[in-house]
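Undergrad: When we follow my numbering, the leftmost residue of the sequence shown carries the number 99, and every step to the right adds one.
For each residue, glycine too, the CB sits at the ideal point set by N, CA and C.
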Amino acid sequence: MTSSNISLTQFLIEEQRAGRVNPQLRLLIEVVSRACKRISIAVGKGALGGVLGDAGEGGQANINVQGEAQKKLDVLSNEILLEANAWGGHLAGLASEEMDTSQPIPDKYPRGNYLLLFDPLDGSSNIDVNVSVGTIFSVLRCPEGVTSPTDADFLQPGTAQVAAGYCVYGPQTTLVLTVGHGTHAFTLDREAGSFVLTTRGMTIPQETREFAVNMSNQRFWEAPMQAYIGDLLKGSEGPRGKDFNMRWIASMVADVHRILTRGGLFSYPLDSKCAAKGGKLRLMYEANPMSFLVEQAGGAASTGRMRMLEVTPSGLHMRVPVFMGSKAEVDAAVGYHQAHDAQA
Ligand code: P6P
């Protein structure tokens, strides 16, 4: 780390001086980053912290609103984020992957102008096998005149986000953030206990030779996805004219962090198993924040048929098919879907 590496706090003060964030949003981001530090500590303890395994009593895992078994760390991470954000006066309400509905800030605290949505610990099925997981968050403005927000107040398109980020708990703990002026990475200095700016202006290469998809679902994909991936797998002998490599960590934060760092195409497409729900990944606190970060890094993000950030949310836990990463590769995947739909 060179002395020129500034802290997250200094970065945010400079963004405020430049008029790119206001004091309330700056406080919000600082509070979320401190919560992520606490989550990082809990994740890092693993078996030593008694926090591995499923949440629940008598061997019966709790099942969350997603129909997924909750991990102890899912519950703990959610509680850390709720407690950290309750009293600061920067939020009007919160929504979480782990909670059925959104929550207004408790009456005993002042309310602010923002809404915070988060997936407190994405990829948590990886925790017990020591693979990177992460926290994803999205920030919206609370609608004018709304003092006690309900779910409907959160249902804003991704273009309405004022900030988004994730914290990946891997070999390093890294916070990646956008406030709409580029995507920037901050690495946790564990000795000092502060996030330090390590990449100003992450940039995704336009082209790539790497894709991330769960290939075991191939037989369940729609025809255009079958055709698209089929052509990638043909490599230099096929219509794409180049060989591709594949990575799948099954932790969106880790896969997208790799793509923000070196390029690639991430996809969780529709398949016949999840089509009835609209897809696997959630729009409001997974696809939208990640799409904002990716676009701000020069990449693209789509449902395969439209720009992700322009999707109109129909519900807090709405699911969508996801394609994001290197712009030329996202465009290629979208092209296969457009060609298929044009013949339908
Ligand atoms: P699969 C983790 O559960 C998650 O929501 C994303 O982080 C990840 O990309 C995806 O699901 C993995 O899904 O079907 O490969 O286990």
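1) At the level of alpha carbons, what is the spacing between Thr100 and Val294?
2) The ligand P6P and Leu379: does the residue's C-beta get closer than 7 Å to at least one heavy atom of that ligand?
3) When you measure from the CB of Asn312 to every non-hydrogen atom of the ligand P6P, does any distance come out below 7 Å?
4) Can you confirm whether the segment 197-215 touches the segment 149-157 when touching is taken to mean that 3 or more C-beta pairs between the two stretches lie within less than 8 Å?
5) So is Ala193 buried or exposed if we call it buried at 16+ other beta carbons inside 10 Å?
6) Where does Asn176 land, buried or exposed, given buried means 16+ other C-beta within 10 angstroms?
7) Please list, in chain order, all residues of the same chain as Leu286 whose beta carbon is under 6 Å from its beta carbon, the five residues on each side excluded.
8) Give me the residue from Val274, Ala321, Ser223 with the minimum Cα distance to Asp439.
9) Confirm, please, whether the CB-CB distance from Ala262 to Leu391 is below 8 Å.
10) Along the chain, where does the alpha helix (DSSP H) containing Gly433 start, and where does it finish?
11) With a threshold of 16 other CB atoms inside 10 Å of the CB of Arg288, please say whether the residue is buried or exposed.
12) Suppose contacts are defined by Cβ-Cβ distances below 8 Å. Is Ser222 in contact with Val266 by that definition?
13) Quick check: what's the CA-CA separation for Lys425 versus Gly280?
14) Measure how close the beta-carbons of Leu464 and Pro419 come, nearest whole angstrom, since I'm counting them as under 8 Å.
15) When you compare the CB positions of Leu253 and Phe235, do they come within less than 8 Å of one another, or not?
16) Inspect the CB distances between the segment 346-364 and the segment 296-308 and report whether three or more fall short of 8 Å.
17) Does the Cβ of Ala442 have 16 or more other Cβ atoms within 10 Å, making it buried, or fewer, making it exposed?
18) Going by beta carbon distance, what residues of the same chain come within less than 8 Å of Pro247, once the five residues before and after it are set aside?
19) Leu363 bridges to which residues according to DSSP?
20) CB of Ala348 to nearest heavy atom of the ligand P6P: below 7 Å?
21) Can the beta-carbon of Tyr326 be found closer than 8 Å to that of Ala431?
22) Cβ atoms of Ile178 and Ala145: under 8 Å apart, would you say?
23) With a threshold of 7 Å, establish whether the CB of Ser365 neighbours any heavy atom of the ligand P6P.
24) Taking Glu113 and Val119 to be in contact with their CB atoms under 8 Å, please state how far apart those CB atoms are, rounded to whole angstroms.
25) How about Gly221: is its Cβ closer than 7 Å to a heavy atom in the ligand P6P?
26) How would you write the range of the alpha helix (DSSP H) that Leu81 sits in, first residue to last?
27) Give the list of continuous beta strand (DSSP E) stretches no shorter than 3 residues that lie fully inside the segment 121-187.
28) So, with DSSP's three-state summary, where would you put Tyr506?
TA: Looking at the coordinates:
1) Residue placement at Thr100 cannot be trusted, given a pLDDT of 48 that sits under 50; the coordinates are not used to answer.
2) yes
3) yes
4) no
5) buried
6) buried
7) Thr271, Phe293
8) Ala321
9) yes
10) 425-441
11) exposed
12) no
13) 16 Å
14) It is not possible to answer for residue 464, since the shown part of the chain is limited to 99 through 442.
15) no
16) yes
17) exposed
18) Ala190, Gly191, Ser200, Pro202, Leu213, Cys240, Pro241
19) Phe309, Gly423
20) yes
21) yes
22) no
23) no
24) 5 Å
25) yes
26) This structure cannot settle anything about residue 81, because the visible part of the chain is limited to 99 through 442.
27) none
28) Any answer about residue 506 is impossible in this case: the structure gives the chain only from 99 up to 442.
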